[in-house]
Amino acid sequence: MDERPHWLTLARVPGLHADALAKLLTRFDSVADIVTAKAESLIAAGLSEKNAQRLVHADSVQVKADLDWLDKPNRAFVPYSSSDYPPLLKQLRSAPVGLFVCGRVAALSEPQLAIVGSRNPTSIGR
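Counting along the sequence shown from 1, when you hit position 72 you're at 62 in our numbering, and nothing is skipped either side.
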């Protein structure tokens, strides 16, 4: 069974992170069970009412668009459960449920450099 649509549904719920997903997976057997659950069951499993409603009313059109995007070459979705999910990112409680990748998935596990800045720095940052 292709779990991608279920993972994509979870990934599109704003504010749903790894910590909430972990709570849900202790209560439900699969991501398919989470996505098809009623709001009351999701809330009982520890999801906020707001996120439970967001999940119950998830946009299937967006999931279809995501699946169409993924059908193109060099595109992938890496769910939190995947061995390709970056181990250091997985340590964060607020880690995303999944990653949309354009390019080599293996690059997620290679050493990386990030430059962070602001377009509108404060006076201290100038």
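We treat Cβ as the ideally placed atom computed from N, Cα and C, and that holds for glycine.
Looking at Val87 and Leu14, is the spacing between their C-beta atoms short of 7 Å?
No.
Do the CB positions of Val51 and Thr(-1) come within less than 7 Å of each other?
No.
In this structure, how does DSSP classify His7 when only helix, strand and coil are distinguished?
Note: His7 maps to strand in three-state DSSP.
Looking only at C-alpha atoms, which of Asn41, Asp(-8), Lys28 and Glu100 sits nearest to Pro4?
It is Asn41 whose Cα lies nearest to the Cα of Pro4.
If contacts are defined as beta-carbon pairs under 8 Å, then Ala29 and Arg17 qualify, I think. What distance do you get, rounded to the angstrom?
That pair is no contact at about 14 Å.
Drop a sphere of 10 angstroms on the beta-carbon of His45, count the other beta-carbons inside from all chains shown, and report buried for 16 or more, exposed for fewer.
For the record, residue 45 in the displayed sequence is Leu; it is not His. It counts as buried.
Count the other C-beta atoms from every protein chain shown that fall within 10 angstroms of the C-beta of Asp121, then say buried if there are 16 or more, exposed otherwise.
Not covered by the structure: residue 121. The range shown for the chain is -9 to 116.
Taking 7 Å as the threshold (C-beta atoms), are Leu32 and Ala10 in contact?
No. Outside cutoff.
Rounded to whole angstroms, what's the CA-CA distance from Asn110 to Ala104? Just pull it up for me.
Rounded to the nearest angstrom, the two C-alpha atoms are 18 Å apart.
Find the nearest neighbour of Pro76 within the set Ile24, His47 and Gln102, judged by alpha-carbon distance.
Minimum Cα distance to Pro76 is reached at Gln102.
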